[in-house]
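Residue numbers (the working numbering), protein chains in the order written: chain A, 1 to 114; chain B, 1001 to 1236.
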């Protein structure tokens, strides 16, 4: 299956230690994406960074506070829907949306979602 | 100037001891090609052979070891070959000249390391940003797909590519990719990111699409600023 469509890419910049209802915020965001039937989400961990608090986030031996980026690609409506949901979950975060051309490939698996 | 793509390959077969203006003909031909600015030429001495005189030249018998064949090869653009061919035609009084079409795949030249303190050259402009989402376990002919993609892009002369490994995700395959301390999982999400001109990115997307089984390719507009350390030598 090959599907080409104009889409939106949402990137949510947060910290590794950010929490939502007791579990890591990035896990909560991915779980919310699944609930909302978003096509996919990927979490990346940065090496170093700083943000709202202007505090450098770096890896320490015992304490990790590295930057996290959650990347989501989906249609404009789905991304708008998700953004509203994510805004309620996060404390401080940066959300960036960009316009993209997406090509989805699925050659081996037949989609069971239809 | 020779570059990757279609080119001509010229092969000349002559005798080792053929003379040309008091020097050996093969030396004379190489000197001529060097002066004409041909990209490169190789002269190889053969082990044995025979030619139009129907006499087998072989090192096994001393008397026949005198006229061993020499083979000179060079690869150049069609225009350059047209330029040097008439002279070669005249020089080779006894032998054979052959020209064939060929394709140059790689033409690399070791470059001097740029000086540490050299100033940066700033390049800026509009470009396309390509991102490919795949799995760490995806394979292409028994090697990791992200490795294969990076190698392919390198061969296509794409400006650069970076591979990122995610720590969590889901997508085309529908299952969660996650690693924890007790359950290290080797199918984490991977993203390859590429920035180049729109034409180059379109070519790259097409090549990646042929290699990718399940995944997502995303292209967006980008503004780039590239800092290139000016090399000491002249840029080719």
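Idealized CB from N, CA, C, for every residue including glycine.
Any beta-carbon of chain A closer than 9 Å to the one on residue 1153 of chain B? At a cut-off of 9 Å between C-beta atoms, residue 1153 of chain B does not count as an interface residue with respect to chain A.
Buried or exposed, going by whether 16 or more other CB atoms sit within 10 Å of the CB of residue 1057 of chain B? Result: buried.
Rounded to whole angstroms, what's the CA-CA distance from residue 1022 of chain B to residue 1034 of chain B? Just pull it up for me. 19 Å
How is the alpha helix (DSSP H) around residue 1059 of chain B delimited, first residue to last? Counting along the chain, residue 1059 of chain B falls outside any alpha helix (DSSP H), and DSSP gives it neither H nor E.
Sub-9 Å separation of residue 1166 of chain B and residue 44 of chain A beta-carbons: yes
Is residue 1239 of chain B helix, strand or coil by DSSP? Since the first and last residues shown for chain B are 1001 and 1236, residue 1239 of chain B lies out of range.
If we define contact as Cβ-Cβ less than 9 Å, is residue 106 of chain A a contact residue for chain C? Within the model displayed, chain C is absent; protein chains A and B are what it includes.
Any Cβ of chain B within less than 9 Å of the Cβ of residue 19 of chain A? no
Counting only beta-carbon atoms, is residue 102 of chain A nearer than 9 Å to chain B? yes
For residue 1032 of chain B and residue 1008 of chain B, the rounded distance between their alpha carbons: Looking at the two C-alpha atoms, the distance is approximately 18 Å.
Using the beta-carbon of each residue, which ones in chain A are nearer than 9 Å to residue 1191 of chain B? 42, 44, 71
Following the continuous alpha helix (DSSP H) through residue 1071 of chain B, name the residue where it begins and the one where it ends. Per DSSP, residue 1071 of chain B belongs to no alpha helix (DSSP H); it is in the beta strand (DSSP E), 1069-1076.
Quick one: give me the first and last residue of the alpha helix (DSSP H) that residue 78 of chain A is part of. 76-89
Just the Cα atoms here: how many angstroms apart are residue 1132 of chain B and residue 1026 of chain B? 53 Å
Using a beta-carbon distance below 9 Å, is residue 1209 of chain B in contact with chain A? yes
According to the neighbour-count rule (16 or more other Cβ atoms, all chains shown, within 10 Å of its Cβ), is residue 1124 of chain B buried or exposed? Counting Cβ neighbours within 10 Å, residue 1124 of chain B comes out exposed, since fewer than 16 surround it.
Distance between residue 80 of chain A and residue 6 of chain A (C-alpha atoms, nearest Å): Straight across, the Cα-Cα distance linking residue 6 of chain A with residue 80 of chain A is about 14 Å.
How many angstroms separate the CA atom of residue 1 of chain A from the CA atom of residue 1210 of chain B? In a straight line, the C-alpha of residue 1 of chain A is about 12 Å away from that of residue 1210 of chain B.
Less than 8 Å between the CB atoms is what I'm expecting for residue 1214 of chain B and residue 108 of chain A, so what's the real figure, rounded? 6 Å
Chain B beta carbons: is any one of them nearer than 9 Å to that of residue 27 of chain A? yes
Between the alpha carbons of residue 1020 of chain B and residue 1142 of chain B, how many angstroms are there, rounded? 55 Å
Inspect the beta-carbon positions of residue 1149 of chain B and residue 1192 of chain B and report whether they are closer than 9 Å. yes
Apart from the five residues on each side of it in sequence, which residues of its chain come closer than 7 Å, Cβ to Cβ, to residue 1222 of chain B? 1127, 1128, 1129, 1195
How long is the line joining the alpha carbons of residue 964 of chain B and residue 1017 of chain B, rounded to whole angstroms? Here chain B has residues from 1001 to 1236 only, and residue 964 of chain B is not among them.
Work out the CA separation of residue 95 of chain A and residue 8 of chain A for me, nearest whole Å. 12 Å
Measure the C-alpha to C-alpha separation of residue 35 of chain A and residue 77 of chain A and round it to an integer number of angstroms. 16 Å
Bounding residues of the alpha helix (DSSP H) (the contiguous stretch that carries residue 195 of chain A): Because chain A here runs from 1 to 114, residue 195 of chain A falls outside it and cannot be looked at.
Where the beta strand (DSSP E) through residue 1033 of chain B begins and ends: Premise fails: residue 1033 of chain B lies in the alpha helix (DSSP H), 1025-1035, not in any beta strand (DSSP E).
Mind checking if residue 1218 of chain B is an interface residue toward chain A, Cβ cutoff 9 Å exclusive? yes
Between A:3, A:46, A:13, which lies nearest to residue 87 of chain A when the distance is taken from Cα to Cα? Residue 87 of chain A has its Cα closest to that of A:13, out of A:3, A:46, A:13.
Quick one: what does DSSP say residue 1108 of chain B is sitting in, helix, strand or coil? When DSSP states are grouped into helix, strand and coil, residue 1108 of chain B belongs to the coil group.
Same chain, Cβ closer than 7 Å to residue 1224 of chain B, neighbours up to 5 away in sequence not counted: 1124, 1125, 1127, 1195
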